[in-house]
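Engineer:
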Amino acid sequence: MVKTDSALYLGFSSSIPTTYISLGSTVCFVQVLAFLEILHVLLGFTKSSLIPTMSQVFGRNHVLLLALAFTPEVQRHWGVWTMFFIWGLSELIRFPYYLYGSNSPKFLTWLRYNAFIILYPLGFLSENILWYNMLPIILERRIHFIDMPNKFNFGFNYYYFLLVWITLTLMVFPQQYMHMFKLRAKKMN
7 MVKTDSALYL GFSSSIPTTY ISLGSTVCFV QVLAFLEILH VLLGFTKSSL
57 IPTMSQVFGR NHVLLLALAF TPEVQRHWGV WTMFFIWGLS ELIRFPYYLY
107 GSNSPKFLTW LRYNAFIILY PLGFLSENIL WYNMLPIILE RRIHFIDMPN
157 KFNFGFNYYY FLLVWITLTL MVFPQQYMHM FKLRAKKMN
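Quick note: to get my numbering, add 6 to the position in the sequence shown (first position is 1).
1) CB L117 to CB I92, shorter than 8 Å?
2) Are Y165 and I144 touching if we call contact CB-CB under 8 Å?
3) Would you report the Cα separation of L14 and L45, rounded to the nearest angstrom?
4) List the DSSP bridge partners of F162.
5) I need the straight-line Cα distance from F64 to S20, nearest angstrom please.
6) Can the beta-carbon of I99 be found less than 8 Å from the beta-carbon of A121?
7) Assign F90 to one of two classes, buried (16 or more other C-beta atoms within 10 Å of its C-beta) or exposed (fewer than that).
8) Is the CB-CB distance between E133 and V69 below 8 Å?
9) With a threshold of 8 Å, are at least 3 pairs of Cβ atoms found where one atom belongs to the segment 98 to 113 and the other to the segment 171 to 190?
10) Counting only beta-carbon separations shorter than 8 Å, does S54 have a partner in chain D?
11) Check this for me: beta carbons of F179 and F130, under 8 Å apart or not?
12) Report the three-state DSSP secondary structure of P78 (helix, strand or coil).
13) DSSP state of P23, grouped into three classes?
14) For the candidate residues S61, L42, G30 and I57, whose alpha-carbon lies nearest to that of F76?
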């Protein structure tokens, strides 16, 4: 994550196509660990809401582990670098904020409740640009398809599932974004 973040400031545009190769396994590992965030909410370790936490964890793991990992052509797309950069930057703000707890410095609180204004839509856009590029490959290769007949008499078309998934995320995004503004208004006043 730090390598991705520093590449922007240092202008290493040549690192963009190799972002997934350089950081993919690390980001995958960290994103799997993010499932602990759901457990922390359930056990009361954090005051976060369960549904938004699950949405973020499952959404990130879905794009990363179920789709991007199976579409090497898209792994070199600039959207991967952008997505990793935005994810990394948001976590570099979020985790220190939660570590400080109620003693969080004012600048960190300000960052926590204002950086999302730019980062959240850009992250959402990056993920959807990648989905747009992965969809034809997923359909052509029939990635994660379950064809009938089979012993369970069950079929699954991942491509159509993704069309529904993407449509739902497009519908839910404005609500989640506005919810974050409400949290911001509460905290900043």
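Every residue gets a Cβ at the ideal spot worked out from N, C-alpha and C, and that includes glycine.
Structural biologist: On the basis of the coordinates in this document:
1) no
2) yes
3) Low local confidence applies: a pLDDT of 49 at L14 is under 50, so the model's placement there is unreliable, and no value is given.
4) I152
5) In this structure, the CA atom of F64 is about 30 Å from the CA atom of S20.
6) yes
7) buried
8) yes
9) no
10) The structure shown has no chain D; it contains just one protein chain.
11) yes
12) coil
13) Of the three classes helix, strand and coil, the one that applies to P23 here is coil, per DSSP.
14) G30
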